[in-house]
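Each remark here refers to the structure printed beneath this line.
In my numbering, the protein residues as written are 24 to 298.
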């Protein structure tokens, strides 16, 4: 059986691994983790990535230049590296990183709680076996329990891996969407109007929130940007959705819509008004 101290060591390792993965992806250190200590212990080496920042800057640039997506990667990277960020935009990136860190910290807590539960249940099972089957050799029981823990942890890790992918995909897309919104502000001002173009295989929630009846809803950019999506009910999201991502794995995109020069056809597609 695992001792209480061994369980605490496992819990600490879980917290560290989640924090390290997040830091190496975004360059943002999660609360309760000391970067200097992690480096001294050899857990972190090299420079981290800046996925959230890169997604945000790419969103700004793609809004200002729709042809950027067709450019070579080297040209995109050069444009992103040279792009100056305002204090407001730096603050937005900090907020996006903090928001993502909260979700990752929650994931780490979930992994820790799941691990503790598995160990507790397996230990309890071992105690019951010891009472009922006294004829079993202690070593055999020990191996059976450890095998059970390994199997359950493997299953739990596979679930957690899916959660990690969900968080990364969602937060990256949210950062890009926020960047796109900021790019539109730079060009057209705070009160420009936008629509959200649902992804081709979007869910019913996105379809009814952004394109009820088939035609896209027109939003004031500042108003839709001020709304947050996590923690709100489905009914609230359908009535007043925020910018994508509306839900985990949402890939819908925000685009500018000018009602003075543009309209929608019967299929909800954007067309230019006749003069």
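We put the CB at the ideal spot given by N, CA and C, even for glycine. These figures come from a predicted structure and were not determined experimentally.
In summary, residue 283 is exposed, with fewer than 16 beta-carbon neighbours lying within 10 Å of its beta-carbon over all protein chains present.
Residue pairing for residue 277: DSSP places it in a beta bridge opposite 219. Of the candidates 214, 265, 243, 265 places its Cα closest to the Cα of residue 232.
Within the same chain, Cβ atoms closer than 7 angstroms to the Cβ of residue 50 are found at 71, 72, 73, the five residues on either side in sequence being excluded. For residue 81 and residue 106, the gap between their C-alpha atoms comes out near 10 angstroms. A check of alpha carbon separations from residue 235 across 213, 285, 249, 261 identifies 261 as the nearest. For residue 287, the CB contacts under 6 angstroms within the same chain, skipping 5 residues up- and downstream, are 238 in chain order. If the five residues before and after residue 98 are omitted, its C-beta is found closer than 6 angstroms to no C-beta atom of its own chain. Between residue 250 and the set 240, 269, 241, the nearest pair of CA atoms involves 269. Taking the C-beta atoms as reference points, residue 296 is found nearer than 8 angstroms to residue 285. Spanning the alpha carbons of residue 140 and residue 113 requires a straight line of approximately 40 angstroms.
Ranked by how close their Cα comes to the Cα of residue 103, the residues 94, 119, 290 have 94 in first place.
Looking at 84, 44, 87, 243, the one whose alpha-carbon comes closest to that of residue 69 is 44. Per the DSSP secondary-structure output, residue 294 pairs in a beta bridge with 286.
In chain order, 200, 203, 204, 217, 219, 266, 267 place their CB closer than 7 angstroms to the CB of residue 277, counting only its own chain and leaving out the 5 sequence neighbours on each side.
The straight-line gap separating the alpha-carbon atoms of residue 124 and residue 76 is approximately 14 angstroms. Under the criterion of beta carbons closer than 8 angstroms, residue 101 and residue 207 do not qualify as touching, at roughly 23 angstroms. Residue 78 and residue 33 have their C-alpha atoms spaced approximately 33 angstroms apart. Within the model, the alpha-carbon separation for residue 66 versus residue 257 is close to 41 angstroms. An exposed status is given to residue 92, since fewer than 16 other beta-carbon atoms sit within 10 Å of its beta-carbon. Assignment of residue 211 by DSSP, reduced to helix, strand and coil, places it in the helix class. Assigned with DSSP and collapsed to three states, residue 252 falls in coil, not helix or strand. For residue 96, no pairing in a beta bridge is given by DSSP. The residues 271, 272, in chain order, have a CB closer than 7 angstroms to that of residue 189 in the same chain once the five nearest residues on each side in sequence are set aside.
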